[in-house]
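Residue numbering for the sequence shown follows our numbering, beginning at 2 and increasing consecutively. Glycine is no exception: its CB is placed at the ideal position from the N, C-alpha and C atoms.
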Amino acid sequence: MASQPLITTMAAEFRGALPMGGTLLALDLGTQTIGTAFCDAGWRFASPGKTLKRGKFGADRLALANLMRERSAAGVVIGLPLNMDGSEGPRAQSSRAYARNLSAALGMPILLWDERWSTASAESALIAQDMSRARRVTRIDSAAAAVILQAAIDALTGGV
Numbered sequence: 002m003a004s005q006p007l008i009t010t011m012a013a014e015f016r017g018a019l020p021m022g023g024t025l026l027a028l029d030l031g032t033q034t035i036g037t038a039f040c041d042a043g044w045r046f047a048s049p050g051k052t053l054k055r056g057k058f059g060a061d062r063l064a065l066a067n068l069m070r071e072r073s074a075a076g077v078v079i080g081l082p083l084n085m086d087g088s089e090g091p092r093a094q095s096s097r098a099y100a101r102n103l104s105a106a107l108g109m110p111i112l113l114w115d116e117r118w119s120t121a122s123a124e125s126a127l128i129a130q131d132m133s134r135a136r137r138v139t140r141i142d143s144a145a146a147a148v149i150l151q152a153a154i155d156a157l158t159g160g161v
């Protein structure tokens, strides 16, 4: 019987599941959209990707599988929306369920990463770039995914 792909909140455990490195896909799961981001194969920097309209899981899975194939992604980092006290609420449970479904569908290791403050950090960066409010609305989810991914790859590489 084949083992289930890894789903973890531990960076070291995730890194162990990816011994050859490779690009990573990050997801910021919203109710209406999915922000995406990718990093380089050396895990140095994250860049925002596309923002996908969220639909039924089958459609999401196909879109994400295509993105992963295009970028030769080896694993997925999904933002885990913890409460400010670190506890998990319904949104975190929903992200865990999405991770289980995606892992089963794609057979990829998944790292669930604390996303507290990611949207605020992303918005501050977009404002610092003097981006208009209308343009920020279309870019915020992917920018937040890049913030999540950068924090994860910093942990994966020891911040080097």
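Restricting to Cα atoms, I'd like to know which of the options is closest to residue i.
i	options	result
G76	L150, G87 and P91	L150
Q5	P91, M21 and S104	S104
L214	I8, K57, D115 and S96	For the chain, the structure presents residues 2 to 161; residue 214 sits outside this window and is missing.
D86	V78, E116 and L68	E116
P20	A42, R101, R72 and L28	A42
Following the continuous beta strand (DSSP E) through residue i, name the residue where it begins and the one where it ends.
i	result
S96	S96 -> not in any beta strand (DSSP E); alpha helix (DSSP H) instead, spanning P91 to L107.
F46	Element bounds for F46: n/a, residue is neither H nor E.
G36	T34 to C40
L30	T24 to L30
I need the boundaries of the alpha helix (DSSP H) containing residue i, first residue and last residue.
i	result
A18	A12 to A18
A64	F58 to R72
In chain order, what residues of the same chain lie with their CB nearer than 8 Å to the CB of residue i, ignoring the 5 residues before and after it?
i	result
W44	G22, L25, I154, L157 and T158
M132	R140
For residue i, which residues of its own chain have a beta-carbon under 6 Å away from its beta-carbon, when the five flanking residues on both sides are left out?
i	result
N84	G90
V161	Any reading at V161 must be qualified, since the residue scores a pLDDT of 48, below 50, and its modelled position is unreliable; the value itself is stated next. Cβ neighbours of V161 beyond the five flanking positions: none.
A152	none
Among the residues of its own chain, which have a CB less than 7 Å from the CB of residue i, if the five just before and after it don't count?
i	result
A93	L81, P82 and L83
### Message
Does the stretch 15-29 come into contact with the stretch 108-118, if we say contact requires no fewer than three beta-carbon pairs (one atom in each stretch) closer than 8 Å?
### Response
yes
### Message
I want to know whether the stretch 48-66 touches the stretch 28-39 - three or more CB-CB distances under 8 Å.
### Response
yes
#### Entry: Uninterrupted beta strand (DSSP E) stretches inside the stretch 110-146 (no shorter than 3 residues)
111-115
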